[in-house]
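Note that the protein sequences, when read in sequence, are chains A and B. Each residue of the first sequence is one higher than the one before, counting from 2 in our numbering. Each residue of the second sequence is one higher than the one before, counting from 2 in our numbering. Every residue, glycine too, gets a C-beta built ideally from N, C-alpha and C. Source: prediction; values computed, not measured. Data first, discussion second: the structure below is written as structure tokens.
There are 2 protein chains.
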Amino acid sequence: MLNFNPGPSILPAEALEEIRRNFMSFGGMSILEISHRSKEFENVLEDAKALFVELAVIPKNYHILFLQGGASLQFAMVPMNLMEKCADYSLTGYWSKKALKEAKLFGEANIPFSSENSAFSRTPKPAEISLSQKSSYLHITSNNTIYGTQYREFPETGDIPLVADMSSDILSRKIDVSKFGLIYAGAQKNLGPAGTTVVIIRDDLLKREYRKLPTMLKYSIHAESNSLYNTPPVFAVYAMSYVLKWIKKSGGIDAIEKINREKADTLYKTIDSSNLYCGTAEKSSRSSMNVTFRLKNTALENRFLDEAKKAEMAGLKGHREIGGIRASIYNAFPLDGVKKLAEFMKEFERKI
Amino acid sequence: MLNFNPGPSILPAEALEEIRRNFMSFGGMSILEISHRSKEFENVLEDAKALFVELAVIPKNYHILFLQGGASLQFAMVPMNLMEKCADYSLTGYWSKKALKEAKLFGEANIPFSSENSAFSRTPKPAEISLSQKSSYLHITSNNTIYGTQYREFPETGDIPLVADMSSDILSRKIDVSKFGLIYAGAQKNLGPAGTTVVIIRDDLLKREYRKLPTMLKYSIHAESNSLYNTPPVFAVYAMSYVLKWIKKSGGIDAIEKINREKADTLYKTIDSSNLYCGTAEKSSRSSMNVTFRLKNTALENRFLDEAKKAEMAGLKGHREIGGIRASIYNAFPLDGVKKLAEFMKEFERKI
Numbered sequence: 002m003l004n005f006n007p008g009p010s011i012l013p014a015e016a017l018e019e020i021r022r023n024f025m026s027f028g029g030m031s032i033l034e035i036s037h038r039s040k041e042f043e044n045v046l047e048d049a050k051a052l053f054v055e056l057a058v059i060p061k062n063y064h065i066l067f068l069q070g071g072a073s074l075q076f077a078m079v080p081m082n083l084m085e086k087c088a089d090y091s092l093t094g095y096w097s098k099k100a101l102k103e104a105k106l107f108g109e110a111n112i113p114f115s116s117e118n119s120a121f122s123r124t125p126k127p128a129e130i131s132l133s134q135k136s137s138y139l140h141i142t143s144n145n146t147i148y149g150t151q152y153r154e155f156p157e158t159g160d161i162p163l164v165a166d167m168s169s170d171i172l173s174r175k176i177d178v179s180k181f182g183l184i185y186a187g188a189q190k191n192l193g194p195a196g197t198t199v200v201i202i203r204d205d206l207l208k209r210e211y212r213k214l215p216t217m218l219k220y221s222i223h224a225e226s227n228s229l230y231n232t233p234p235v236f237a238v239y240a241m242s243y244v245l246k247w248i249k250k251s252g253g254i255d256a257i258e259k260i261n262r263e264k265a266d267t268l269y270k271t272i273d274s275s276n277l278y279c280g281t282a283e284k285s286s287r288s289s290m291n292v293t294f295r296l297k298n299t300a301l302e303n304r305f306l307d308e309a310k311k312a313e314m315a316g317l318k319g320h321r322e323i324g325g326i327r328a329s330i331y332n333a334f335p336l337d338g339v340k341k342l343a344e345f346m347k348e349f350e351r352k353i
Numbered sequence: 002m003l004n005f006n007p008g009p010s011i012l013p014a015e016a017l018e019e020i021r022r023n024f025m026s027f028g029g030m031s032i033l034e035i036s037h038r039s040k041e042f043e044n045v046l047e048d049a050k051a052l053f054v055e056l057a058v059i060p061k062n063y064h065i066l067f068l069q070g071g072a073s074l075q076f077a078m079v080p081m082n083l084m085e086k087c088a089d090y091s092l093t094g095y096w097s098k099k100a101l102k103e104a105k106l107f108g109e110a111n112i113p114f115s116s117e118n119s120a121f122s123r124t125p126k127p128a129e130i131s132l133s134q135k136s137s138y139l140h141i142t143s144n145n146t147i148y149g150t151q152y153r154e155f156p157e158t159g160d161i162p163l164v165a166d167m168s169s170d171i172l173s174r175k176i177d178v179s180k181f182g183l184i185y186a187g188a189q190k191n192l193g194p195a196g197t198t199v200v201i202i203r204d205d206l207l208k209r210e211y212r213k214l215p216t217m218l219k220y221s222i223h224a225e226s227n228s229l230y231n232t233p234p235v236f237a238v239y240a241m242s243y244v245l246k247w248i249k250k251s252g253g254i255d256a257i258e259k260i261n262r263e264k265a266d267t268l269y270k271t272i273d274s275s276n277l278y279c280g281t282a283e284k285s286s287r288s289s290m291n292v293t294f295r296l297k298n299t300a301l302e303n304r305f306l307d308e309a310k311k312a313e314m315a316g317l318k319g320h321r322e323i324g325g326i327r328a329s330i331y332n333a334f335p336l337d338g339v340k341k342l343a344e345f346m347k348e349f350e351r352k353i
């Protein structure tokens with residue numbers, strides 16, 4: 002079965018095999034049974050951290066944290082920790098709107114850009130964004146899973162920290178981490194199974210303290226305690242470490258980015274050269290992770306999805322908010338599978 | 002290796018085998034790759050809920066939620082959701098103090114009972130607790146892992162909801178859920194791997210709304226969305242479902258409680274009949290989950306731990322806050338293993 006699920010989603014077969022093979026290999030115990038303060042788990046955690054730092058080229062003045070609660074909890078933790086009085090939120094879809102909603106609980110959230118009027122069909126160009134005075138940060142969603150858009154260039158924010166939800170495109174392409182104040186990502190698309198959230202935070206931001214917060218919601222606490230303030234999601238970190246090893250073995254981010262580009266181009270070319278399919282995102286904002294399109298005759302979409310399922314392709318239905326078709330082709334999704342979908346699309350068009 | 006870890010801790014061998022065996026059995030995908038909104042995961046979630054309701058005999062006017070963040074996040078969520086102006090906290094150890102600290106951020110936290118002056122050697126009798134006027138709830142820690150104490154009887158709180166952190170003794174003994182307003186438990190002791198937190202909440206408490214809260218921290222949101230407001234920790238819930246199946250197969254809570262009693266009695270008898278070992282908890286408060294003791298000559302404790310390790314017994318070191326010895330013997334810990342420790346203790350005493 003080809004797994005086009007938008008998340009949780011396909012993981013590298015090789016990583017799954019190793020996760021399963023080493024499941025019981027912790028001194029006579031399972032990874033599910035060891036203490037989070039054991040030497041064994043320390044090795045797992047340090048491995049995962051070191052691989053992340055290497056793959057994403059994270060500078061020394063950043064902490065990397067493995068938390069829980071997904072991006073949804075980060076929507077609240079970001080303003081709780083970083084917003085003094087106001088912050089800017091670039092609105093490019095469902096998830097950035099959710100982030101905005103939480104920010105409003107803690108101060109004034111301004112909207113320097115929104116593509117809502119054009120059905121979130123694009124991300125802004127850097128020049129389109131001008132920040133509010135005294136803004137504590139600019140928040141963006143780097144890839145928009147539902148609308149199939151992605152920032153190709155990031156806004157220039159000067160001294161104002163850039164905060165990015167990279168849940169759906171982290172480690173899928175080369176980025177300059179030093180341009181960001183904070184990056185967060187739920188693991189369940191490009192990094193591993195659901196259950197852990199990666200936060201990469203620049204050290205100076207750990208010093209911000211604008212309000213009294215519950216201990217568990219302070220970035221500084223998790224940074225000081227190396228993600229061991231409380232029991233971390235041991236298995237999720239363990240599983241992620243094998244996905245990171247697979248990325249490294251596959252040639253690192255440069256190689257992954259090249260294949261991701263080829264995968265996405267294969268589908269976009271199929272769309273653009275057809276009379277049946279129609280991409281929903283503006284070309285300059287197209288995502289390499291989620292390829293979204295409609296059938297010009299939308300009544301045919303259910304048939305398309307049914308036949309795709311019969312051809313062993315799962316997860317292609319668009320998000321319940323907007324419908325249509327969405328092919329999620331994260332890092333672990335193979336090029337061969339993308340070619341199979343492209344062939345299927347052409348064949349479907351010929352047939353009808 | 003006998004696993005006396007205090008948590009994450011030993012899980013039933015049979016459950017581990019099934020978790021591993023079915024790891025790839027989700028329509029050609031792994032449990033790590035399926036959507037949390039798939040039929041497959043719906044079955045996992047409903048299975049886990051139904052088993053929990055059956056085993057713990059949860060009345061119909063309660064919701065059961067599978068969240069993230071461990072008991073540590075519950076320390077904050079409980080007062081955020083349930084405390085109007087003040088609440089009562091019974092102090093019986095390290096973890097109840099941590100819960101108290103978070104509550105103080107949201108109102109007045111009173112202390113109707115504390116055993117801190119006697120090194121947390123006991124839990125209160127029901128008559129020892131009288132609640133503050135207008136208290137929003139009484140919070141207790143039903144089992145204190147570090148000090149080896151446990152509530153044998155629960156306080157009577159009348160109309161004031163009783164809230165219990167049962168992280169370390171949930172499903173280890175029969176309790177009357179209807180006496181509680183809210184029960185929470187990190188999974189990593191009696192329920193499964195680290196990564197999910199169970200919350201059992203009485204429906205009327207879902208209506209409390211005393212302050213504006215981030216969406217992810219509202220019990221009502223998770224109850225309305227059947228723990229699917231955001232991506233839940235899929236694997237942790239899956240693994241828990243096998244542990245719950247094992248409890249049911251073992252005869253349910255009655256059978257488990259009987260064995261737990263026998264396991265604990267075996268160790269307490271060994272302690273009480275020796276001239277070397279000395280229990281740290283008062284007899285009437287002794288825990289059936291964590292048996293804590295010292296050697297009268299404390300200088301011998303390191304030797305005891307070293308020799309135990311050589312005899313394939315791991316995790317017996319007391320918590321870093323207080324030292325000594327702690328045998329954590331949660332549900333999955335076998336009676337045979339407890340007998341082996343008792344024999345080892347007797348042999349060690351004979352030898353020295």
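Counterpart residues of residue i in DSSP-defined beta bridges
i      : result
F294/B : G280/B and I326/B
A256/B : According to DSSP, which records beta bridges pairwise, A256/B is partnered with nothing at all.
T232/A : None; T232/A has no bridge partner.
G187/A : T198/A
T150/B : N145/B and R287/B
A315/A : N4/A
V164/A : H140/A and L183/A
L92/A  : S115/A
Min CB distance residue i to chain B below 8 angstroms
i      : result
K213/A : yes
V45/A  : no
N4/A   : yes
M217/A : yes
L92/A  : no
P335/A : no
G196/A : yes
Q134/A : no
A312/A : no
L24/A  : According to the sequence provided, residue 24/A is Phe. The question's Leu does not apply to it. True, the Cβ-Cβ gap to chain B drops below 8 angstroms.
L229/A : no
Q151/A : no
L192/A : no
G338/A : no
G324/A : no
L83/A  : no
E15/A  : no
Neighbour flag for residue i against chain A, beta carbons, 8 angstroms
i      : result
N62/B  : no
S226/B : no
G316/B : yes
S73/B  : yes
I11/B  : yes
R327/B : no
G319/B : no
G187/B : yes
G108/B : no
Nearest-angstrom beta carbon gap, residue j and residue i [assumed within contact, 8 angstroms]
i      : j      : result
M234/A : S36/B  : Here residue 234/A turns out to be Pro, not Met, going by the sequence shown. The pair is not a contact, with the Cβ atoms about 19 angstroms apart (cut-off 8 angstroms).
L92/A  : V244/A : Actually they do not touch by this definition, with Cβ atoms about 31 angstroms apart.
T267/A : K340/A : 6 angstroms
A49/B  : M241/B : 6 angstroms
F121/A : S329/A : Incorrect: roughly 17 angstroms between the Cβ atoms, too far for contact.
Does the segment 178-187 of chain A come close enough to the segment 66-83 of chain A that 3 or more CB-CB pairs lie under 8 angstroms?
With a cut-off of 8 angstroms, the segment 178-187 of chain A and the segment 66-83 of chain A count as touching, because enough Cβ pairs lie within range.
Would you list, in chain order, the members of the segment 28-40 of chain A that have their beta-carbon closer than 7 angstroms to a beta-carbon of chain B?
Result list: G28, G29, M30, S31, L33, E34, I35, S36 and H37.
Would you call the segment 247-265 of chain B and the segment 92-111 of chain B touching, i.e. three or more CB-CB distances under 8 angstroms?
Cβ pair count under 8 angstroms is below three, so no.
Tell me, please, whether the segment 331-341 of chain A touches the segment 21-31 of chain A by the rule of three or more beta-carbon pairs shorter than 8 angstroms.
The segment 331-341 of chain A, when compared against the segment 21-31 of chain A, does not touch it at the 8 angstroms Cβ threshold.
With a cut-off of 8 angstroms, do at least 3 Cβ pairs link the segment 265-281 of chain B to the segment 289-299 of chain B?
Enough Cβ pairs lie closer than 8 angstroms, so yes.
Pairing CB atoms from the segment 120-136 of chain B with CB atoms from the segment 281-292 of chain B, are three or more of them under 8 angstroms?
Counting Cβ pairs under 8 angstroms, three or more are found: they touch.
Using a Cβ-Cβ cut-off of less than 9 angstroms, give me the residues of the segment 233-251 of chain B that come near chain A, in sequence order.
Of all residues in the segment 233-251 of chain B, the ones placed with a Cβ closer than 9 angstroms to any Cβ belonging to chain A are P233, P234, V235, F236, A237 and A240, in chain order.
Counting Cβ pairs closer than 8 angstroms, one from the segment 316-327 of chain A and one from the segment 191-199 of chain A, do we hit at least three?
The answer is no - the segment 191-199 of chain A does not touch the segment 316-327 of chain A, with fewer than three Cβ pairs under 8 angstroms.
Pairs of beta-carbons, one from the segment 302-318 of chain A and one from the segment 161-174 of chain A, closer than 8 angstroms: are there three or more?
Of all C-beta pairs linking the segment 302-318 of chain A to the segment 161-174 of chain A, fewer than three are shorter than 8 angstroms, placing the two stretches out of contact.
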